[in-house]
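**Q** Residue numbering for the sequence shown is 2 to 270, as defined by my numbering.
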Amino acid sequence: MPTLPSESHTEPHRARHVAESFGTDAERYDRTRPAYPTAMVERIAAASPGPDVLDVGCGTGTAARQFQAAGCTVLGVEPDARMADLARRRGLDVEVATFEAWGAAGRDFDAVVAGTAWHWIDPVAGAAKAARVLRPAGRLAAFWHVFQLPAEVADALVEVYERVAPGSPLSGQAGRPALDVYQAMFDKAADGMRQAGAFTDPEQWRFDWEHHYTRDEWLDQMPTHGSLTTLPPEKATEVLDGVGAAIDALGGGFTLPYVTMAVTTTRTG
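As structure tokens, this is what we get:
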């Protein structure tokens, strides 16, 4: 199952060291992290008053390129210069800063989006800043992937983590549905939008899909997860070996069901 920082699942925005670890292998991150459902991107674009999009925590530009393909003009804001550099090489205009410190310089936007990044931002302060840079009726949309590993793979992951990294975010998560774990984060994002006092009541849009992974494809993606980027290399290798053995026992691959959830609202006034 996916993992959040060990600083509890309730305040991941305080775990900046995890957020800033993904750029250690930006090429792998860009190559292996899944794109977002086209239907979601198109729905957000269609529900915005115009084409100007600010992508907060844009990473290597996965979501931004999808919004560009949907006809939007996108500016990315990304705190990790390594990720931003790769996004620029993929054709995205990116400014290096945390969203909290970023200066709009008088610019405003039709949509503020954040793909698998809003949890790194204080939910109330982030929503308030989004309100300041959104045009009237502009849309704020934060979205995440949630996946549920096959039980055999999930059990192997938890077992090896408990051995190599006691007290990790996976401790105590065995058997819990991934969507239940993440729902608290979605609710917190929605509460932040409400507390900012500048938005309509948030909605949660759900998109279901699936993807088949071979053993090598999944092990290639795993080092981009926050639970591995902060582990010493020898411990990360042990985790990968344990998970690889479990996938081998399943026949060398598995089909992973995904839920992509968007928490979204419209600026009032």
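Idealized CB from N, CA, C, for every residue including glycine.
Candidates Gly-270, Ala-85, Ala-115 and Glu-43: which alpha carbon is nearest Ala-70's?
**A** Residue Glu-43 is the option with its Cα nearest to Ala-70.
**Q** What residues match up with Met-262 in a beta bridge as DSSP calls it?
**A** Trp-145 and Arg-207.
**Q** Once DSSP output is grouped into helix, strand and coil, what is the label at Gly-72?
**A** DSSP places Gly-72 in coil when its eight states are reduced to three.
**Q** Pick helix, strand or coil for Gly-139, following the three-state DSSP scheme.
**A** Correct three-state label for Gly-139: strand.
**Q** Tell whether a beta-carbon distance below 9 Å holds between Gly-245 and Leu-229.
**A** No.
**Q** Measure the alpha-carbon distance for Glu-235 versus Gln-222 and round it to whole angstroms.
**A** Using only the alpha carbons, I get a separation of about 17 Å.
**Q** As a quick exercise: from Trp-206, Val-165, Gln-196 and Arg-140, pick the residue whose alpha carbon is nearest that of Pro-50.
**A** Of the candidates Trp-206, Val-165, Gln-196 and Arg-140, the one whose C-alpha sits nearest the C-alpha of Pro-50 is Arg-140.
**Q** Taking DSSP as the reference, what is the three-state secondary structure of Ala-105?
**A** Correct three-state label for Ala-105: coil.
**Q** Taking the runs of the beta strand (DSSP E) that are 3 residues or longer, which of them lie wholly in the region 183-244?
**A** Taking only runs of at least 3 residues, the beta strand (DSSP E) segments lying wholly in the region 183-244 are 204-215.
**Q** Determine contact between the region 250-264 and the region 141-158, defined as no fewer than three beta-carbon pairs at a distance below 8 Å.
**A** Because the criterion of three Cβ pairs below 8 Å is met, the region 250-264 and the region 141-158 touch.
**Q** Phe-200 and Ala-143 look like a contact to me (Cβ under 8 Å); what is the Cβ gap, rounded to whole Å?
**A** Rounded, the Cβ-Cβ distance is 12 Å, inconsistent with contact.
**Q** Hey, would you say Asp-156 sits closer than 9 Å to Arg-136, going by beta carbons?
**A** Cβ atoms of Asp-156 and Arg-136: not closer than 9 Å.
**Q** Taking 9 Å as the cut-off, decide whether the C-beta atoms of Cys-59 and Ala-88 are in contact.
**A** A contact, by the Cβ cut-off of 9 Å.
**Q** Please go through the region 32-89 and give each complete beta strand (DSSP E) segment of 3 or more residues, from N-terminal end onward.
**A** Runs found: 53-57 and 74-79.
**Q** Distance check for Thr-25 and Gly-270, CA to CA, integer angstroms please.
**A** Cα to Cα, Gly-270 sits roughly 42 Å from Thr-25.
**Q** Specify, as a first and last residue, the run of the beta strand (DSSP E) that Asp-156 falls within.
**A** Run containing Asp-156: none in the beta strand (DSSP E); it sits in the alpha helix (DSSP H), 152-165.
**Q** Short check: CB of Pro-124 to CB of Asp-56, under 9 Å?
**A** Their beta carbons are not under 9 Å apart, which means Pro-124 does not touch Asp-56 by this criterion.
**Q** Shortest alpha-carbon distance to Gly-62 belongs to which of Pro-52, Ala-48 and Tyr-30?
**A** Ranking the options by Cα distance to Gly-62, first place goes to Tyr-30.
**Q** For the beta strand (DSSP E) containing Gly-116, list its first residue and its last residue.
**A** Run containing Gly-116: 110-116, per the beta strand (DSSP E) assignment.
**Q** How would you call Asp-81, buried or exposed, if buried means at least 16 neighbouring beta carbons within 10 angstroms?
**A** When all chains shown are included, Asp-81 counts as buried.
**Q** In its own chain, which residues sit with a C-beta less than 6 Å from the C-beta of Lys-189, not counting the 5 before and 5 after it?
**A** So the qualifying residues of the chain are Pro-124.
**Q** Would you identify the three-state DSSP class for Thr-25, choosing helix, strand or coil?
**A** Here Thr-25 sits in helix by DSSP.
**Q** Quick check: what's the CA-CA separation for His-213 versus Gly-254?
**A** Approximately 7 Å, taken between the alpha carbons.
**Q** Just confirm the distance between the C-beta atoms of Thr-265 and Ile-45, as a whole number of angstroms; I'd bet it's less than 8 Å.
**A** Confirmed, Cβ separation roughly 7 Å.
**Q** What three-state label does DSSP hand Gly-271 in the structure shown?
**A** As shown, the chain starts at 2 and ends at 270. That puts residue 271 outside it, with no answer to give.
**Q** Can you list, in chain order, the residues of its chain with a C-beta nearer than 6 Å to that of Ala-237? Leave out the 5 residues immediately preceding and following it.
**A** Answer for Ala-237: Leu-229, listed in chain order.
**Q** Suppose you measure from the CA of Glu-8 to the CA of Gly-168; what does that come to, to the nearest Å?
**A** The pLDDT assigned to Glu-8 is 38, lower than 50, so where the model puts this residue is not dependable, and the model offers no usable value.
**Q** Name the two residues that bound the continuous alpha helix (DSSP H) containing Arg-133.
**A** Element bounds for Arg-133: 124-134.
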